[in-house]
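Peer 1: By my numbering, the letter at position 251 of the first sequence is numbered 1614, and the numbering carries on one by one without gaps.
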Amino acid sequence: MPELPEVESARSVIERSALKRTIVAVDDTDSYVCRPHPPGQIRDALVGTELIAAHRRGKTMWCDTATGPVLGLHLGMSGKIVIADADGHEVDGGDHWEYGRAPGDYRFSRFALTFADGGVLRLLDPRRLGRVRLDPRLDDLGPDAATMTGAQFARALTGRAPIKARLLDQHALAGVGNLLADEILWRAKLNPARPVDAITDPERRRLYRALHTTIEEALRNGGVHTLPLVPERRPGGQCPRDHTPLVHGAVGGRTTYWCPKHQL
DNA sequence: TATAGTGTTATCGG
DNA sequence: ACCGATAACACTAT
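This is how it looks when you write it as structure tokens:
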């Protein structure tokens, strides 16, 4: 579910609704999501302090605390941030949910902060591929895909990998996931398997423009599912431009859909 | 019952 | 060391 636009809405939920609230309890007992921290370590580091800022680069979020370490949050494949008030009512809903979850269903709560007023911030994550950790390393992340410059983008496009594999490489640029990559390449009319070193300068500029317009549109409209190609990524899907049947295969190890007529 | 999957990372081979 | 491909991770929905 979460790619850069969804993570950004999760970050803004935290920013609006979880800052400057004293933390009185922490559930960090899911040792898979909280690894490598042993149960209790994150709790002991956070109880008594408060979040004071929420940041994001690519799909990684981190929160500064008033007196403790930085709290790193990653949503993985199925993670979602939900905040409830003391009465249990969920506030500040962000992105939509893929696993048919109803409000109040906390079966998949993997991490939780309880605030002094009784409110609770939860990380829900059925597949448990999300991550919570103290003082996360950010050095390995490339520049944020939403704000990177054309020069940074050109720097990211060296080597011989398929262009889609490079767009997915979080070391090269941070934030593009499988759905965004297909959408961006479709808009730029580039074949996902094209080697990076076969991309011409005009094509790279087209791709850079598609990167930004696609992310902006997804942010504005409420997520990657609102983009035109995404709902067509299924057997029988058609090119939104001219209804050519899309073809699919694996590129960069991920399921990939593209239009055989436009994407060359 | 079998399979795919919107992310990351360790491991293997060139 | 660099680069890319692949498997593994955990669990649900189809």
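Each residue gets a CB set at the ideal place from its N, CA and C atoms; glycine is no exception.
How is the alpha helix (DSSP H) around Y1571 delimited, first residue to last?
Peer 2: From DSSP, the alpha helix (DSSP H) with Y1571 extends over D1564 to N1584.
Peer 1: In three-state DSSP terms, what is V1404?
Peer 2: Note that residue 1404 is Gln in the sequence shown here, rather than Val. Looking at Q1404 - three-state DSSP - the assignment turns out to be helix.
Peer 1: By DSSP, does E1413 sit in helix, in strand, or in coil?
Peer 2: Three-state result, E1413: strand.
Peer 1: A1373: which of L1520, G1586, H1452 and R1596 sits nearest, CA to CA?
Peer 2: It is G1586.
Peer 1: How long is the line joining the alpha carbons of G1431 and V1483, rounded to whole angstroms?
Peer 2: When rounded, the distance between both Cα atoms is 19 Å.
Peer 1: What span of residues does the beta strand (DSSP E) with A1373 cover, start to end?
Peer 2: Here A1373 belongs to no beta strand (DSSP E); instead the alpha helix (DSSP H) covers L1367 to S1380.
Peer 1: Starting from G1612, trace the beta strand (DSSP E) in both directions and tell me its first and last residue.
Peer 2: V1610 to V1614 is the extent of the beta strand (DSSP E) around G1612.
Peer 1: Note down the Cα distance separating K1552 from D1560, rounded to an integer number of angstroms.
Peer 2: Spanning the two alpha carbons is a distance of roughly 16 Å.
Peer 1: How big is the Cα-Cα spacing for T1392 and D1407?
Peer 2: Approximately 12 Å, taken between the alpha carbons.
Peer 1: Is it right to say E1579 is buried, meaning 16 or more other beta carbons lie within 10 angstroms of its own, or is it exposed?
Peer 2: Per the 10 Å Cβ criterion, exposed.
Peer 1: Cα separation between N1541 and V1389?
Peer 2: Straight-line Cα distance between these residues: approximately 33 Å.
Peer 1: What first and last residue would you give for the alpha helix (DSSP H) that runs through F1516?
Peer 2: Taken as a continuous stretch (DSSP letters only), the alpha helix (DSSP H) holding F1516 covers G1513 to A1519.
Peer 1: Alpha carbon to alpha carbon, how far is R1494 from G1343? Give it in angstroms, no decimals.
Peer 2: Given a span of 1364 to 1627 for the chain in the structure shown, any question on residue 1343 remains unanswerable.
Peer 1: Can you round the beta-carbon distance between V1445 and R1490 to whole angstroms, since I take them to be within the 8 Å contact cut?
Peer 2: Actually they do not touch by this definition, with Cβ atoms about 16 Å apart.
Peer 1: Measuring CB to CB, does Y1571 end up less than 8 Å from R1596?
Peer 2: No, they are not a contact pair.
Peer 1: Apply the 10 Å Cβ neighbour rule to N1584 and answer buried if 16 or more other Cβ atoms are within range, or exposed otherwise.
Peer 2: By the neighbour-count rule (16 or more Cβ atoms within 10 Å), N1584 is not buried but exposed.
Peer 1: To the nearest whole angstrom, what separates the beta carbons of D1507 and G1421, a pair I think is in contact under 8 Å?
Peer 2: Rounded, the Cβ-Cβ distance is 6 Å, consistent with contact.
Peer 1: On a Cα-Cα basis, can you pick out the residue from H1575, R1470, A1449 and L1414 that is closest to E1546?
Peer 2: Of the candidates H1575, R1470, A1449 and L1414, the one whose C-alpha sits nearest the C-alpha of E1546 is H1575.
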